[in-house]
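Numbering (this note's numbering), first residue to last: 1 to 197. All residues carry an ideal CB built from backbone N, CA and C; glycine is no exception.
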């Protein structure tokens with residue numbers, strides 16, 4: 001049986017609203033299950049990839065309910081410590097009420113719905129790559145590129161790490177992941193990111 005985590009959220013947090021706030025929920029390795037109101041994702045952790053399902057009891061009708069996170073395998077304590085901040089960053093659980101209130105003051109249209117948290121990736125590197133794959137292309141191609149990056153370069157269907165992309169030949173990214181002219185740029189970006197530049 002896999003590990004289960006309970007993650008506390010801000011009082012106004014609604015998983016279904018906030019996950020679907022930005023198109024990244026459609027980009028691999030993310031998946032939103034509309035029927036089950038559950039967010040699925042593969043994380044590449046210390047001991048390898050793991051799939052998880054994140055849900056919020058009450059189907060978003062009661063704001064601020066803790067998240068239930070279920071993994072497909074048992075996680076060591078170090079992996080649990082590793083994945084918690086990744087989930088918090090991705091779901092923007094670190095955005096305090098003051099930041100959201102300031103946003104609603106600037107744009108009151110969103111106050112009633114409570115919107116203010118845009119889904120992002122667990123890491124800055126993944127956000128940067130997804131930005132690069134969305135430039136000068138129609139959205140279906142962005143979806144396909146990210147899916148292929150996870151399938152071809154990522155471990156176990158997870159989003160590839162900077163180290164993994166930095167060791168990938170540009171021709172592999174171009175031919176198998178269909179990233180086009182972005183091939184060498186993505187490898188160079190990954191190398192720089194991996195070196196801490």
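In terms of residues, what are the limits of the alpha helix (DSSP H) holding residue i?
i           : result
residue 162 : 162-166
residue 141 : 139-148
residue 91  : 77-91
residue 176 : 170-177
residue 5   : Element bounds for residue 5: not the alpha helix (DSSP H) but the beta strand (DSSP E), 4-7.
Quick check on residue i: buried or exposed, where buried means 16 or more other Cβ atoms within 10 Å of its Cβ?
i           : result
residue 102 : exposed
residue 87  : buried
residue 34  : exposed
residue 135 : exposed
residue 183 : buried
residue 65  : buried
residue 160 : buried
residue 81  : exposed
residue 163 : exposed
Report, in whole angstroms, the separation of the C-beta atoms of residue i and residue j, which I expect to be a contact under 8 Å.
i           : j           : result
residue 142 : residue 133 : 5 Å
residue 93  : residue 9   : 6 Å
residue 177 : residue 152 : 5 Å
residue 68  : residue 55  : 5 Å
residue 28  : residue 146 : 5 Å
Over what stretch of residues does the beta strand (DSSP E) that includes residue i continue unbroken?
i           : result
residue 62  : Neither: residue 62 is in no beta strand (DSSP E) and is coded neither H nor E.
residue 52  : 48-55
residue 191 : Per DSSP, residue 191 belongs to no beta strand (DSSP E); it is in the alpha helix (DSSP H), 183-194.
residue 38  : 38-45
residue 107 : No beta strand (DSSP E) contains residue 107, which DSSP labels as neither H nor E.
Alpha carbons only, please: which of the options is nearest the one belonging to residue i?
i           : options          : result
residue 51  : 138, 157, 37, 78 : 157
residue 77  : 135, 4, 92       : 4
residue 167 : 195, 181, 145    : 195
residue 200 : 2, 53, 1         : Limits of the chain in this structure are 1 at one end and 197 at the other, which puts residue 200 out of reach.
residue 173 : 189, 188, 149    : 149
residue 211 : 13, 104, 188     : Residue 211 lies beyond the residue range present for the chain, which begins at 1 and ends at 197; the question has no answer from this structure.
residue 95  : 116, 179, 189    : 116
residue 90  : 72, 21, 71, 140  : 21
residue 97  : 2, 11, 186, 189  : 11
Quick one, are the C-beta atoms of residue i and residue j less than 8 Å apart?
i           : j           : result
residue 79  : residue 47  : yes
residue 38  : residue 114 : no
residue 24  : residue 106 : no
residue 121 : residue 112 : no
residue 125 : residue 181 : no
Under the criterion of a Cβ to heavy atom distance below 7 Å, does residue i qualify as lining the ligand FMN?
i           : result
residue 127 : The ligand content of the structure shown is nil, which means the ligand FMN is not present either.
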